[in-house]
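**Student:** Quick one: the structure is below, questions incoming.
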Amino acid sequence: MPVPAASPLRSLPAGLFALICALSMPGAEGHSQNRTITYLDPQEHTNLYPPAGGFYPNGGILSQITDRLTWQDPTTLEIRPWLATDWSMNEDDTEYTFHIRPGVTFSDGSPLDARAVAQNYQTYGKGNPALHFPVSEAISNFDRAEVIDPLTVRFHFTHPAPGFLQATSVLGSGIVSPGTLQRSFDELGTATNIIGSGPFVVSADIPGKEVDLSARKDYNWGPENRPARAKTDQIKILVVPEDSIRVGALLAGQADIIRQVEAYDEEQIRHAGYSLHAPSTRGVNTGIAFRPDNPLVADIRVRKALLHGTDRQEIVTVLYSENYPLARSVLSSKAAGFVDLSEKLKFDPVLAGQLLDSAGWRRGENGLRYKDGHPLRLGIHISLPHPQNKTMLELVAQQWRRLGVELDIMSGSAAGVLLDNLDPQRTPLTVSEVGRADPDVLKSEFFPKNRDALLQKGGQSNKVQHFQDETLNAMLLDIASRTDRAERLKQVVAVQEYLIDKAYDIPLFEEPQVYATSPNLTGLGFEAVGRPVFQNVELNRP
Amino acid sequence: MSSFRHVCIQLIRALLILWGAFTVTFFLLQMMPGDAVMVRFMDPELGLSPEQIEAMRVLYSGSSSPVFQYFHTILRMLHGDFGYSVQLGVPVRTLIEAALPVTLRLAVVGFILSLVWTLLIAIGASLLPARPLRQIFQAIPGFWSAIPLYWSGIFIIQVLSFKLRLLPVVGVGPWEGTILPALAVSLPIAAPQAKLLLQQIEETERLPFVMAIRTKGASQRSVFFRHILPNSVTPCLTMAGISFGELIAGAIVTETIFGLNGLGRLTRDAVSGQDVAVLQAVVMIGATGFVAANLVVDLLIPLINPSLRSSAGWKETSGS
Numbered sequence: 001m002p003v004p005a006a007s008p009l010r011s012l013p014a015g016l017f018a019l020i021c022a023l024s025m026p027g028a029e030g031h032s033q034n035r036t037i038t039y040l041d042p043q044e045h046t047n048l049y050p051p052a053g054g055f056y057p058n059g060g061i062l063s064q065i066t067d068r069l070t071w072q073d074p075t076t077l078e079i080r081p082w083l084a085t086d087w088s089m090n091e092d093d094t095e096y097t098f099h100i101r102p103g104v105t106f107s108d109g110s111p112l113d114a115r116a117v118a119q120n121y122q123t124y125g126k127g128n129p130a131l132h133f134p135v136s137e138a139i140s141n142f143d144r145a146e147v148i149d150p151l152t153v154r155f156h157f158t159h160p161a162p163g164f165l166q167a168t169s170v171l172g173s174g175i176v177s178p179g180t181l182q183r184s185f186d187e188l189g190t191a192t193n194i195i196g197s198g199p200f201v202v203s204a205d206i207p208g209k210e211v212d213l214s215a216r217k218d219y220n221w222g223p224e225n226r227p228a229r230a231k232t233d234q235i236k237i238l239v240v241p242e243d244s245i246r247v248g249a250l251l252a253g254q255a256d257i258i259r260q261v262e263a264y265d266e267e268q269i270r271h272a273g274y275s276l277h278a279p280s281t282r283g284v285n286t287g288i289a290f291r292p293d294n295p296l297v298a299d300i301r302v303r304k305a306l307l308h309g310t311d312r313q314e315i316v317t318v319l320y321s322e323n324y325p326l327a328r329s330v331l332s333s334k335a336a337g338f339v340d341l342s343e344k345l346k347f348d349p350v351l352a353g354q355l356l357d358s359a360g361w362r363r364g365e366n367g368l369r370y371k372d373g374h375p376l377r378l379g380i381h382i383s384l385p386h387p388q389n390k391t392m393l394e395l396v397a398q399q400w401r402r403l404g405v406e407l408d409i410m411s412g413s414a415a416g417v418l419l420d421n422l423d424p425q426r427t428p429l430t431v432s433e434v435g436r437a438d439p440d441v442l443k444s445e446f447f448p449k450n451r452d453a454l455l456q457k458g459g460q461s462n463k464v465q466h467f468q469d470e471t472l473n474a475m476l477l478d479i480a481s482r483t484d485r486a487e488r489l490k491q492v493v494a495v496q497e498y499l500i501d502k503a504y505d506i507p508l509f510e511e512p513q514v515y516a517t518s519p520n521l522t523g524l525g526f527e528a529v530g531r532p533v534f535q536n537v538e539l540n541r542p
Numbered sequence: 543m544s545s546f547r548h549v550c551i552q553l554i555r556a557l558l559i560l561w562g563a564f565t566v567t568f569f570l571l572q573m574m575p576g577d578a579v580m581v582r583f584m585d586p587e588l589g590l591s592p593e594q595i596e597a598m599r600v601l602y603s604g605s606s607s608p609v610f611q612y613f614h615t616i617l618r619m620l621h622g623d624f625g626y627s628v629q630l631g632v633p634v635r636t637l638i639e640a641a642l643p644v645t646l647r648l649a650v651v652g653f654i655l656s657l658v659w660t661l662l663i664a665i666g667a668s669l670l671p672a673r674p675l676r677q678i679f680q681a682i683p684g685f686w687s688a689i690p691l692y693w694s695g696i697f698i699i700q701v702l703s704f705k706l707r708l709l710p711v712v713g714v715g716p717w718e719g720t721i722l723p724a725l726a727v728s729l730p731i732a733a734p735q736a737k738l739l740l741q742q743i744e745e746t747e748r749l750p751f752v753m754a755i756r757t758k759g760a761s762q763r764s765v766f767f768r769h770i771l772p773n774s775v776t777p778c779l780t781m782a783g784i785s786f787g788e789l790i791a792g793a794i795v796t797e798t799i800f801g802l803n804g805l806g807r808l809t810r811d812a813v814s815g816q817d818v819a820v821l822q823a824v825v826m827i828g829a830t831g832f833v834a835a836n837l838v839v840d841l842l843i844p845l846i847n848p849s850l851r852s853s854a855g856w857k858e859t860s861g862s
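As you go down the protein sequences, you meet chains A and B in turn. Quick note: the first sequence uses our numbering, first residue 1, plus one each step. Quick note: the second sequence uses our numbering, first residue 543, plus one each step.
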C-alpha cells in the first residue's frame with residue numbers, strides 16, 4: 001500500500017514504538033548475571049508422581065527438583081554415587097544395600113534418610129492403591145524395603161533384579177519427602193506439592209502456563225559432575241505449544257532455552273548464531289512395529305518386504321537432520337549392547353517386490369496389490385510425541401505405494417488411539433520408541449506384560465487371537481534377570497538380531513530431543529535420556 | 543410488574559437450559575468409548591500391566607451406577623466442588639480458577655475491540671466523502687473473515703512482537719499478555735458483525751422515514767447517528783451476544799498460538815485426555831457464558847431499540 005513519505009501518520013507509530021520499547025525493556029542489559037532464565041516447553045506438565053516422569057515436560061521439572069540414589073554418567077553409562085555413597089548386592093541380585101549420604105535434607109527441612117528412601121521405594125515398587133499410586137515401570141520383582149540403620153536401606157526382591165541398580169538412577173526413581181507420598185495421587189499434579197531434595201524448589205505453579213523454580217542455597221549433594229548449588233537463582237518454565245512462536249521468542253531474546261526444535265527450524269537457529277543441543281534418548285529407536293496377529297502381516301515375507309521396501313535413508317535425509325542418525329538396529333547406537341545390523345536393513349525394492357509376489361500379493365489394475373480380492377492396506381496411528389510423525393508416515397506411505405501397499409494413516413482422540421492400538425485388526429502397525437539407558441528397555445517395549453509393542457496373546461490386549469512368540473519372551477525375561485553383565489549384553493545382541501530376522505520392527509532413526517539456547521547461555525546439561533539439567537546453567541555477558 | 547415477570551421467565555429458561563446442558567453432556571461423556579483412567583494409566587510411559595490398570599479403574603470409579611454418579615455430580619457441583627482432573631492430578635476448581643480469568647480477559651478485551659472495529663467500519667463505509675474510500679471500508683468485513691485466525695495470530699506475533707519488538711509474547715503480565723491475542727481474536731469476531739451492520743444500514747437508508755428526514759434538510763452525519771445507526775444495531779447486538787458466548791467457550795486456536803492457559807486450551811487437553819470432570823465443568827461454564835450473554839442481550843435490546851418496547855410487556859415501564 002502506498003503511504004505518503006513524510007506524513008504525520010508515519011511518525012506516530014514510530015514514536016509509540018520507541019515509547020513502548022523504553023517501557024517494556026527496563027535495564028535488561030544491566031544485570032544479566034542473575035536474571036531469571038526462561039525455558040519454553042511445548043506441553044504442560046501432568047501428574048508429577050516421579051514414576052510418571054517419562055513424559056518430557058514432567059521430566060524437565062522432576063530432574064531439577066529431585067535427586068536419585070545413583071547417577072548414570074551420560075557418556076560412559078556407568079552408575080556412580082549420588083544420594084547413595086556406596087552400595088552392594090548379594091550373589092543372585094535379590095538384595096541390594098545402599099548407604100545414604102549424611103546431611104541431605106528435603107526442601108521442607110525434613111531429613112532424607114533410610115526411612116524416607118525405604119518409603120519411596122516401597123511405594124514405587126508396590127504402588128499404593130489407597131492413595132491411587134501405580135507401580136513404577138523401572139522396578140521389577142520388588143518385594144520390600146528394609147531400614148537397617150538411619151542411613152542404610154536394603155531392598156529385597158522376589159527374583160533376581162540385575163536392572164535395579166540402573167533403575168535407581170532414572171528420573172522415575174527420584175526421591176520425594178515422606179509427606180509428598182502421603183498425599184493422594186490426584187494431588188501430585190500441583191508442582192508445589194512435590195517436595196524433593198534437588199538443586200531447585202518449585203516456588204509457583206500456574207496450571208497450563210508456568211512453573212517457577214528457585215535455587216536451594218544449601219544444596220551441596222549433587223553427583224560428581226555438578227556437586228554444588230545451582231548457578232542461577234530463578235528459572236521460569238513456560239508452556240508455549242506453537243513451534244514457530246518458541247523459535248521466534250528465542251531469536252527475539254524473549255526466552256533463553258527452548259525444547260523441541262523441529263529439524264526444519266534448525267538451520268534458521270544455527271544461522272542466527274544460536275546453539276542446538278540434541279541429546280539422544282538412547283533406547284528403542286523410532287520405528288514401525290508389526291502386529292503379526294493381523295493376518296495381513298502374519299506372513300514373514302510381507303514383513304520382510306516392507307522392511308526392505310522402506311527407503312530409510314530418504315526419510316532421514318528429506319525430513320530430518322544430522323541430529324537424527326539413521327537407525328542401525330532396534331536399539332540406539334548409544335545404548336548398551338548395541339549391535340550394527342545395517343546389512344540386514346538394506347533398501348531393496350526389487351527384493352521387496354519378489355517377496356510380496358511369492359506371498360501371493362499380486363498387483364491389480366490400480367497398481368495396488370491384492371490377494372483373494374482384498375487389498376494390502378495397513379492401518380497405523382500418528383504418534384504425536386514423535387518429531388514430524390505425520391509427515392514421516394506420509395513419506396513411508398509414498399514409498400510403500402510404489403510397492404503396491406497402502407498405508408492408512410489414522411488419527412483420533414487419545415482414548416480412541418489407545419483402544420485402536422490394542423486391536424491388531426485395526427492397527428497391524430504401530431510407531432515404536434522408548435527412551436531408557438538400560439538393556440531392560442527391550443523388555444519394556446516388547447514384553448507382553450509391559451508395553452507389548454507387537455501385541456501378543458495374554459498381553460495388554462484381549463483382542464489378540466493367537467500371536468505369541470515364546471522364544472522372544474524367554475529371551476526378554478533372560479535380559480531382565482541375568483546377573484552377569486557380559487552374558488546379559490550377549491542376550492541383548494541376540495534379541496536385536498531376532499527382532500530383525502523375524503522382521504518384527506522397521507527401525508528408522510535414533511530419536512534425539514532437540515533444544516536450542518541463546519548464544520550467551522552456558523552450562524545446559526542432560527541426563528542419560530535427554531532430559532535437561534539446569535543446575536549449571538547461567539547467562540554470561542554477551 | 544410484567545417486566546419483572548419477563549425477567550423471571552427469562553431466568554427460569556436460562557436455568558433449564560443449563561440443567562439440560564449438564565444432563566446431555568453427562569450422559570454423552572458416559573457413552574464415549576474409553577475413559578480418563580484408561581488414558582491416564584494405559585500411558586505407555588507408566589508401563590502398567592492390564593491387571594494393574596483394571597485395579598486403578600475400580601479404585602477410581604468404584605461400582606456406583608451412572609444414575610447415582612449423575613446425582614452425586616450435580617450435588618457436588620452445586621457446592622462448587624468439581625472433582626479432580628485424572629490427567630493432570632489437580633483439583634478441577636484450581637484449573638478453572640487459573641483458566642477462567644485468562645479467557646474472560648481475552649473475551650472482554652477482544653469483544654470491545656471488535657465493537658470498535660464494527661463501528662469504525664460502519665462509519666467509514668457510510669460517511670467517508672470519497673466513494674472509493676467507502677468501498678474499501680465496505681470490503682473489510684469480507685477480507686477479515688477470509689483470514690484464518692491461525693495465520694493472523696502468527697502474523698501479529700511475528701511482526702509486532704518479534705520484528706518490531708513492541709511487546710513480548712512470553713513471560714508477560716496478564717494484561718500485557720492480553721493485548722496481542724485480543725487483537726487477533728477481534729478481527730474475525732468483528733467481520734460478521736460489521737457485515738450485518740452494513741446490510742442493516744443499507745436497508746434502513748431505504749426506509750421512507752429516512753428519506754423524509756433527509757428531505758427536511760438534516761445533515762448526512764446527524765441522520766446517520768440519530769436515526770440510521772440506532773435502527774440498525776439490533777440484529778448486530780444479537781449476533782454480538784452469540785460471539786461473546788463463543789469467546790467464553792474458548793478461543794482454542796488463539797490460546798494455543800499465544801500460549802495462554804485459558805479455557806480453550808484446557809478444553810482441548812481435557813478432550814484429548816477424556817478428562818470427564820474437567821469437560822463437565824468447562825461445558826457448564828461455556829453454557830453459563832452463552833446463556834448469560836443472551837439474557838443480557840434480550841434484556842438490553844428493548845432499551846436500545848424503541849420499536850421493540852411495545853412487545854413483551856415493556857410498554858408500561860418504558861417511560862419510567
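For glycine and all other residues, C-beta sits at the position ideal for the given N, C-alpha and C.
(1) Please check if any C-beta of chain A sits within less than 8 Å of the C-beta of I731 (chain B).
(2) Specify, as a first and last residue, the run of the alpha helix (DSSP H) that V824 (chain B) falls within.
(3) With a cut-off of 8 Å on the beta carbons, I'd call T517 (chain A) and L508 (chain A) a contact; round off their distance for me.
(4) Run through DSSP, which three-state label would G625 (chain B) get?
(5) With respect to the alpha helix (DSSP H) encompassing S814 (chain B), which residues constitute its N-terminal and C-terminal limits?
(6) Whose C-beta lies closer than 7 Å to the C-beta of H374 (chain A) among residues of the same chain, with five residues either side of it excluded?
(7) Out of A:D452, A:N366 and A:P81, which has the shortest C-alpha to C-alpha gap to V434 (chain A)?
(8) Could you tell me whether any Cβ in chain B is nearer than 8 Å to the Cβ of R10 (chain A)?
(9) Please confirm if the segment 700 to 718 of chain B is in contact with the segment 739 to 753 of chain B, defined as three or more CB-CB distances below 8 Å between the two stretches.
(10) Does the segment 181 to 190 of chain A come close enough to the segment 55 to 73 of chain A that 3 or more CB-CB pairs lie under 8 Å?
(11) Mind checking K758 (chain B): buried by the 16 CB within 10 Å criterion, or exposed?
(12) Can you confirm whether F185 (chain A), when its beta carbon is compared against all beta carbons of chain B, has any partner nearer than 8 Å?
(13) For the beta strand (DSSP E) that contains Q234 (chain A), what are its first and last residues?
(14) What are the start and end residues of each continuous alpha helix (DSSP H) run of 4 or more residues lying completely inside the segment 225 to 296 of chain A, in chain order?
(15) Taking only beta-carbon positions, decide if A726 (chain B) is within less than 8 Å of chain A.
(16) At a CB-CB cut-off below 7 Å, which residues of chain B make contact with G283 (chain A)?
(17) Would the beta-carbon of K371 (chain A) fall within 8 Å of that of G360 (chain A)?
(18) Taking the alpha-carbon positions, what's the A664 (chain B) to I770 (chain B) distance?
(19) Out of curiosity, what's the CA-to-CA distance linking V549 (chain B) and H381 (chain A)?
(20) Measuring alpha carbon to alpha carbon, tell me which residue in B:R547, B:F583 and B:L722 is nearest Y49 (chain A).
(21) Distance check for A812 (chain B) and S413 (chain A), CA to CA, integer angstroms please.
(22) Here's the rule: buried if 16 or more other CB atoms are within 10 angstroms of the residue's CB, otherwise exposed. What is P532 (chain A)?
(23) Can you tell me the Cα-Cα spacing of M580 (chain B) and G172 (chain A), whole angstroms?
(24) Which value, in whole angstroms, describes the spacing of the CA atoms of E262 (chain A) and P241 (chain A)?
(25) Output needed for S203 (chain A): all residues of its chain with C-beta closer than 6 Å, excluding positions within five of it in sequence on either side, in chain order.
(26) Does the separation of the CB atoms of P292 (chain A) and F467 (chain A) fall below 8 Å?
(27) Do V632 (chain B) and P207 (chain A) have their beta-carbon atoms positioned less than 8 Å apart in this structure?
(28) Alpha carbons only, please: which of A:A230, A:E210, A:K209 and A:N225 is nearest the one belonging to Y219 (chain A)?
(29) So is P592 (chain B) in contact with chain A if we call contact Cβ pairs under 8 Å?
(30) Runs of 3 residues minimum, wholly inside the segment 347 to 381 of chain A: which ones carry the beta strand (DSSP E) assignment?
(31) Tell me which residues share the same chain as D256 (chain A) and place their Cβ nearer than 6 Å to its Cβ, disregarding the 5 neighbours each side in the sequence.
(32) Are any of the Cβ atoms in chain A nearer than 8 Å to that of M598 (chain B)?
(33) Just reading off the alpha helix (DSSP H) that L657 (chain B) is part of, what are its end residues?
(34) Is it true that the segment 134 to 146 of chain A meets the segment 80 to 90 of chain A, where meeting means three or more beta-carbon pairs spaced less than 8 Å apart?
(35) In this structure, how does DSSP classify E146 (chain A) when only helix, strand and coil are distinguished?
(36) Looking at the unbroken beta strand (DSSP E) that takes in L476 (chain A), where does it start and where does it end?
**Tutor:** The answer reads as follows:
(1) no
(2) V818 to I846
(3) Actually they are not in contact, since the Cβ atoms of T517 (chain A) and L508 (chain A) sit about 27 Å apart, beyond 8 Å.
(4) coil
(5) L805 to G815
(6) none
(7) With distances taken between Cα atoms, V434 (chain A) lies closest to A:D452.
(8) With a pLDDT of only 39 at R10 (chain A), under the threshold of 50, the placement of this residue in the model should not be trusted, and no figure is reported.
(9) no
(10) no
(11) With fewer than 16 Cβ atoms within 10 Å of its Cβ, K758 (chain B) is classed as exposed.
(12) yes
(13) Q234 to V239
(14) 243 to 251 and 263 to 271
(15) no
(16) What G283 (chain A) touches in chain B: nothing, since even the nearest Cβ is about 12 Å away.
(17) yes
(18) 11 Å
(19) 52 Å
(20) That would be B:F583, whose Cα lies nearest to the Cα of Y49 (chain A).
(21) Whole-angstrom Cα-Cα distance: 10 Å.
(22) Label assigned to P532 (chain A): buried.
(23) Rounded to the nearest angstrom, the two C-alpha atoms are 20 Å apart.
(24) Cα to Cα, E262 (chain A) sits roughly 13 Å from P241 (chain A).
(25) D212 and S214
(26) yes
(27) yes
(28) A:A230
(29) yes
(30) 369 to 371 and 377 to 381
(31) I37, T38, S518 and L521
(32) yes
(33) V634 to L669
(34) No, the segment 134 to 146 of chain A does not touch the segment 80 to 90 of chain A.
(35) strand
(36) Looking at the DSSP string, L476 (chain A) is not in any beta strand (DSSP E); the run it does join, the alpha helix (DSSP H), is E470 to S481.
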